[in-house]
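Q: First to last, the protein sequences are chains A and B.
For the first sequence, our numbering assigns the number 2 to the initial residue and increments by one for each residue that follows.
For the second sequence, our numbering assigns the number 2 to the initial residue and increments by one for each residue that follows.
C-beta: ideal position from N, C-alpha, C; glycine also.
Computed from a prediction, not measured in an experiment: that's the story for all the values here.
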Amino acid sequence: MTDGAVLEGFGSLVQDFALDARERLDRVEQLLLDGDALASAGRAEGLKRLKAELHTVKGNAGMMGFSDLQAAAHGMEDAVLAAGEGPLDVGALLGALDRFRDDLADHVTRSAEPAATPSRAPTGAAGSPAEGAHSSSAASGGEAQGSVRVPFAVLDPLLDQIAEMVILRNRLAEAIGRGRGVTRAATGVGEAVAEAWIEAQLAHDALGRVLDEVQGRVMRLRLTPLHGVFGSLRRLVHDESVRGGKEAVLAVLGGDTPLDKALLELASEVLGHLVRNAVIHGLEAPEARLAAGKPRVGTVRVTAGLKGDDVLVEVSDDGAGIDPDGLRRAAARKGFALAPEADPFGLLFEAGFSTKDAADLGAGRGVGLAAVREAVRRQGGQVRVASTPGLGTTFSLRLPMTVSIARALLLRADGELYALPLAQVVESRRMRPGESHAVNHAGVLAAAGSVTTLLDLGCHFGTAARRRESGYVVVMEATGRRRGLVADAILGLQEVVVRGLDPILGRPAGVAGSTVLGDGTPILILDPRALVDAEPFVREAA
Amino acid sequence: VSASAREAPAFAGRDRVYAFADSVQEGAAAPAAAGSTAVWETWVAFRLAGETFAFPVEAVQEILRVGSVTRVPEAPDPVRGIINMRGRVVPVVDLRVRLGLSAVPLTPQHRILVANPRGRVIGLLVDAVDAVERIDRTQVQSPPADVMTAQSEYLLGVLQRPAGLFILLDPERVLVMPGGTSQPGAGA
Numbered sequence: 002m003t004d005g006a007v008l009e010g011f012g013s014l015v016q017d018f019a020l021d022a023r024e025r026l027d028r029v030e031q032l033l034l035d036g037d038a039l040a041s042a043g044r045a046e047g048l049k050r051l052k053a054e055l056h057t058v059k060g061n062a063g064m065m066g067f068s069d070l071q072a073a074a075h076g077m078e079d080a081v082l083a084a085g086e087g088p089l090d091v092g093a094l095l096g097a098l099d100r101f102r103d104d105l106a107d108h109v110t111r112s113a114e115p116a117a118t119p120s121r122a123p124t125g126a127a128g129s130p131a132e133g134a135h136s137s138s139a140a141s142g143g144e145a146q147g148s149v150r151v152p153f154a155v156l157d158p159l160l161d162q163i164a165e166m167v168i169l170r171n172r173l174a175e176a177i178g179r180g181r182g183v184t185r186a187a188t189g190v191g192e193a194v195a196e197a198w199i200e201a202q203l204a205h206d207a208l209g210r211v212l213d214e215v216q217g218r219v220m221r222l223r224l225t226p227l228h229g230v231f232g233s234l235r236r237l238v239h240d241e242s243v244r245g246g247k248e249a250v251l252a253v254l255g256g257d258t259p260l261d262k263a264l265l266e267l268a269s270e271v272l273g274h275l276v277r278n279a280v281i282h283g284l285e286a287p288e289a290r291l292a293a294g295k296p297r298v299g300t301v302r303v304t305a306g307l308k309g310d311d312v313l314v315e316v317s318d319d320g321a322g323i324d325p326d327g328l329r330r331a332a333a334r335k336g337f338a339l340a341p342e343a344d345p346f347g348l349l350f351e352a353g354f355s356t357k358d359a360a361d362l363g364a365g366r367g368v369g370l371a372a373v374r375e376a377v378r379r380q381g382g383q384v385r386v387a388s389t390p391g392l393g394t395t396f397s398l399r400l401p402m403t404v405s406i407a408r409a410l411l412l413r414a415d416g417e418l419y420a421l422p423l424a425q426v427v428e429s430r431r432m433r434p435g436e437s438h439a440v441n442h443a444g445v446l447a448a449a450g451s452v453t454t455l456l457d458l459g460c461h462f463g464t465a466a467r468r469r470e471s472g473y474v475v476v477m478e479a480t481g482r483r484r485g486l487v488a489d490a491i492l493g494l495q496e497v498v499v500r501g502l503d504p505i506l507g508r509p510a511g512v513a514g515s516t517v518l519g520d521g522t523p524i525l526i527l528d529p530r531a532l533v534d535a536e537p538f539v540r541e542a543a
Numbered sequence: 002v003s004a005s006a007r008e009a010p011a012f013a014g015r016d017r018v019y020a021f022a023d024s025v026q027e028g029a030a031a032p033a034a035a036g037s038t039a040v041w042e043t044w045v046a047f048r049l050a051g052e053t054f055a056f057p058v059e060a061v062q063e064i065l066r067v068g069s070v071t072r073v074p075e076a077p078d079p080v081r082g083i084i085n086m087r088g089r090v091v092p093v094v095d096l097r098v099r100l101g102l103s104a105v106p107l108t109p110q111h112r113i114l115v116a117n118p119r120g121r122v123i124g125l126l127v128d129a130v131d132a133v134e135r136i137d138r139t140q141v142q143s144p145p146a147d148v149m150t151a152q153s154e155y156l157l158g159v160l161q162r163p164a165g166l167f168i169l170l171d172p173e174r175v176l177v178m179p180g181g182t183s184q185p186g187a188g189a
C-alpha cells in the first residue's frame, strides 16, 4: 500500500508538474495543427492562447528549477510572439514541442528514483488527456466540474482489493453458517444469541449486494473515452501529409465513446495505422484531386460510436478508393484463393498480400494490415474494409467495450498449465512434508487445527495416477466450502482474457473456459466452484 | 496484460489454400473431352493412413502447420486438444480417430485443416496435405453399398483417378460427433 509520506515528496511535485505541462503542450499542439485557429479570423485569439499556455509552462518549469525546460518554453513563446506579424513556423514549433516532451520525460525519470508513486492529482485540470489514460468528464476550459483524476496505478489495486473483499465475504458467509449451526444445536443458549446470528447473516447479505455494485462501478471506471487516442491522430495526419506531399484534414466525431483501458493501446495502434494508411495510400496528391474534380484538401474522417456493447470506429478517406477487379487480378497473380462471390477487399488483410506492384491500387496497403487484423482478433474484435473506386475507402474497427479479464494464478501440474481465477483463492503456499494425509482415498491437509480436503490437479484431469505429496497447494473457497488444489508449481499471477470452449470439446468438469498466454500457448481456465465440488477420491490405477 | 503483448507466431509457416475456386469460368474453358456435362470442382486432397481423402475447397478456411496442441481433459476421443490460431482458441479433431483409424504420433508432415462448419472454427488433423485438385463431379461414384455403415454418412463418394482412389468427405457430417459415449468406428 502506498502511504501519505511518499506522496508529498519532490517526486510527486514533479509528477504534478509533468502532468500539467503535458496537457498544456497537448493543447499547444492541437492549436498549432488546427488550421482554423490560426487562420485570419481567429488568429489573434489563437496566438493569445498559445502564448498563455507556453507562458504558464515556462513559469512552472522555473518554479521547479528546471532551467532547461524553462529556456525551451521561453524559446517557443518567443517564436509565437514573433509571429504576431509574420508567418508562424508550425513545423519548427512542433519539433520544439517534441524535444520539450523528451526532456520532460527525462526529468520525471530522474525524480522517480527511488520510486515515487504518482498519486496526488492536480485539481482543476481538464482538457485533452495527457499521456496515460484517465477517466474524467471535466469540461474543457479549465473548470473542473466536481471531478477528480485517478491514475490507473491507483485504480487497479483498488480493483484487486475489492476482489479480496469478495473472498473475505465468502469466508464470513461460511463462519456465519457454522455459528448459526452451532447455536441451533446448543442447548441453553438464549434467544438473543440466535437473533444476533440472524442479524449477522442479514448484514452479510447486505454487504454482499453493496460489494457487487462497487465492483461493477469500479470496473466501469476503467472505461476511458477515445479522446486521447484521437488527439494523437491529428498530429499523425499533419506529419504524414507533409512527408507525402499531400494536403489533408482530420475530422473526428465521437471522441467521448468509452473503451476499456485494456483495449485503448490496441485502439491507438490500429487507428494510427489506418489513419496513416488513409493519408499515404488513400488520398491523392492535390493536383490529382483537382483533376478529379475533388477539393484540393483531402479529408480523413474518424467516427466512433457504440453499437450494443461494441465500440465501432470508422476511418474513411475521400481518396481514390480501391478497385476490386484490380485486387482480383493481383490475387490471381499471387495465387491467393478467392471465390468469385467472396469480398475481394478481405485480401488486403492477408499476410503477404501486397499490391505494391500494381500502381493503380495504392501501393503497400497490404503490408501491415495482416498484423492489424491479428491484433484486433486477438481481443475479440473485427476489422473490415469497403471501398468505392474514385470516392474513397472506409475501414471499420469493431472492439468489445469491455473485455472479460480475470486475474488468475498460473498453475502447472504434470507439465500442463492451468489458470485458476483469483477470486476464489484464499491462500496458496508450498506444501510441507507430512502435512498431507490420505483419508478414505482422499488427500487432506491438516494444518493450523483445520482439515482441508485436497484435490490433486493431475489426478483430476487424468495426467497422474497417484496424488502428489509435495508441491504447492492453493486453497479455494466457493459455495461456503474450502478445498486445496495441489499442483507442481505456481508460476505467478496473470491477467487473462477469458474465452470459451467449443462444444465439440465436451464439458470437462472443473474447466470454465480457455485463454491464450502471452507466448501463444492456449491453456484452460479452471472453474473453482466445480473443483470444490469434484469428487476428491483417487482410485489407484488398476 | 498489454493489449499489444506479442504472441509467438506459432504457425508462422502457414500454408495457403492456393487454388482458385472460380471453377465455373475455368471449367468452361477446360477441354470438353470428358463430355460437355463435366462439372468441375476444386477439392483439397490429404492423406490419412495411406489413403487419399478430400474436402471441398470452400470448406477449408486455411491450412496450418501443427504447433503446440494443449490437451483438454474428458474431451471426446477424436478431439486432440486446443490450439491458438492468432489469439483464437480452436479445437483440433484428429481425423484419423474420427474415422475409426488409430492415432499416430505427430510428424512434420501433419497439417491442420481449419474448417468453418456453421460459423464455428474447428481444426482437423491430417497426416499430410497433398494438393488442391480439380475434379469432375460427374465422375464421382457412390461408395460400394456394403462398406457403408450407419456411422459413415460423412462419405460422399469415391473417384477413380490415374493417381489412385479419392475418397470424398462431407466436412459438416464428419464434425458431427456421435452422441453420448459411443465413439466412431472401432479404432484403437
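1) If you measure from the beta carbon of I199 (chain A) to each beta carbon in chain B, is any gap under 7 Å?
2) Would the region 319 to 327 of chain A count as touching the region 278 to 285 of chain A if we require 3 or more Cβ pairs under 8 Å?
3) Would you mind stating whether G1 (chain A) and T453 (chain A) have Cβ atoms separated by less than 7 Å?
4) Would you kindly check if the distance between the Cβ of V301 (chain A) and the Cβ of Q271 (chain A) is under 7 Å?
5) What in chain B is Cβ-close to E546 (chain A), meaning under 7 Å?
6) I'd like the ranges of any beta strand (DSSP E) spanning at least 3 consecutive residues and lying wholly in the region 297 to 343 of chain A.
7) What does the alpha-carbon distance come out to for the pair V497 (chain A) and G88 (chain B)?
8) Output the distance between the C-alpha atoms of M432 (chain A) and E173 (chain B), rounded to the nearest integer angstrom.
9) Which chain A residues sit within Cβ distance under 8 Å of N85 (chain B)?
10) Write down every uninterrupted run of the alpha helix (DSSP H) in the region 59 to 144 of chain B whose length is 4 residues or greater and which is fully enclosed by it, in chain order.
11) Put L518 (chain A) into one of helix, strand or coil per three-state DSSP.
12) With a 10 Å radius around its C-beta and 16 neighbouring C-beta atoms as the bar for buried, classify A376 (chain A) as buried or exposed.
13) Hey, out of A:L260, A:M477, A:D318, whose CA is closest to D311 (chain A)'s CA?
14) Report yes or no: do three or more beta-carbon pairs, one from the region 495 to 514 of chain A and one from the region 76 to 91 of chain B, lie closer than 8 Å?
15) Name the one or two DSSP bridge partners that L348 (chain A) has.
16) Report the residue from A:V373, A:L254, A:G327, A:L398 whose alpha carbon sits nearest the alpha carbon of P390 (chain A).
17) From L173 (chain A) to H442 (chain A), what distance separates their C-alpha atoms?
18) Residues of chain B with CB under 7 Å from D503 (chain A), in chain order?
19) Using only the heavy atoms of the ligand SAH, determine whether one of them is closer than 6 Å to the beta carbon of F101 (chain A).
20) Would DSSP call A364 (chain A) helix, strand or coil?
21) Specify the secondary structure class of L529 (chain A) as computed by DSSP and reduced to three states.
22) Distance check for H274 (chain A) and G369 (chain A), CA to CA, integer angstroms please.
23) For my contact list, L307 (chain A) and M402 (chain A) are in at a C-beta cut-off of 8 Å; report their separation, rounded to the angstrom.
24) Is L203 (chain A) closer than 7 Å to Q380 (chain A) when the C-beta atoms are compared?
25) Counting only beta-carbon atoms, is P537 (chain A) nearer than 7 Å to chain B?
26) Tell me I524 (chain A)'s beta-bridge partners as DSSP assigns them.
27) Measure the CB-CB distance between A74 (chain A) and A62 (chain A) and report whether it falls below 7 Å.
28) Between the C-alpha atoms of V109 (chain A) and E59 (chain B), what's the straight-line distance to the nearest angstrom?
29) Flag V115 (chain B) as yes if its beta-carbon sits less than 7 Å from any beta-carbon of chain A, otherwise no.
30) Thinking just about the alpha-carbon of each residue, which of A:D240, A:L105, A:D99 is nearest to the one in D69 (chain A)?
31) So the alpha helix (DSSP H) H239 (chain A) belongs to, where does it begin and stop?
32) Which of the three DSSP states is assigned to T38 (chain B) in this structure?
33) Below 9 Å between beta carbons is the criterion; list the residues of the region 481 to 510 of chain A that meet it against any residue of chain B, in chain order.
34) Who are the Cβ neighbours of I113 (chain B) in its own chain at under 8 Å, not counting the five residues just before and after it?
35) In this structure, what does DSSP give as the bridge partners for L418 (chain A)?
36) Beta-carbon within less than 7 Å of G66 (chain A)'s beta-carbon, same chain only, minus the 5 sequence neighbours each way: which residues are those?
A: Let me spell this out:
1) no
2) yes
3) Summary: the structure shown does not reach residue 1 (chain A), with chain A confined to residues 2 through 543, and so no result is reported for it.
4) Here residue 271 (chain A) turns out to be Val, not Gln, going by the sequence shown. No, these two residues do not count as a Cβ contact at 7 Å.
5) Residue numbering for chain A in the displayed model covers 2 to 543; residue 546 (chain A) lies beyond these limits and cannot be assessed.
6) Secondary structure remark: continuous beta strand (DSSP E) runs of at least 3 residues inside the region 297 to 343 of chain A, in chain order: 299 to 308, 311 to 318.
7) 12 Å
8) 49 Å
9) V517, G521, T522, P523
10) 96 to 99
11) coil
12) buried
13) A:L260
14) yes
15) The partner list for L348 (chain A) (beta bridge, DSSP) is empty, contrary to what the question assumes.
16) A:G327
17) 30 Å
18) P92, R121, I123
19) The ligand SAH is not part of the structure shown, which contains no ligands of any sort.
20) A caution first: A364 (chain A) carries a pLDDT of 36, below 50, which makes its placement in the model unreliable, though a value can still be read off. Coil, per DSSP.
21) The residue you asked about is not Leu; residue 529 (chain A) is Pro in the sequence shown. Here P529 (chain A) sits in helix by DSSP.
22) 8 Å
23) The Cβ separation is near 7 Å, so the contact holds.
24) no
25) Chain B contact via Cβ: absent.
26) A:T516
27) yes
28) About 57 Å.
29) no
30) A:L105
31) 228 to 245
32) coil
33) Q495, E496, V497, V498, R500, G501, L502, D503, P504, I505, L506, G507, R508, P509, A510
34) I64, L65, R66, V67, I84, V93, G124, L125, L126, V127
35) A:R413
36) none
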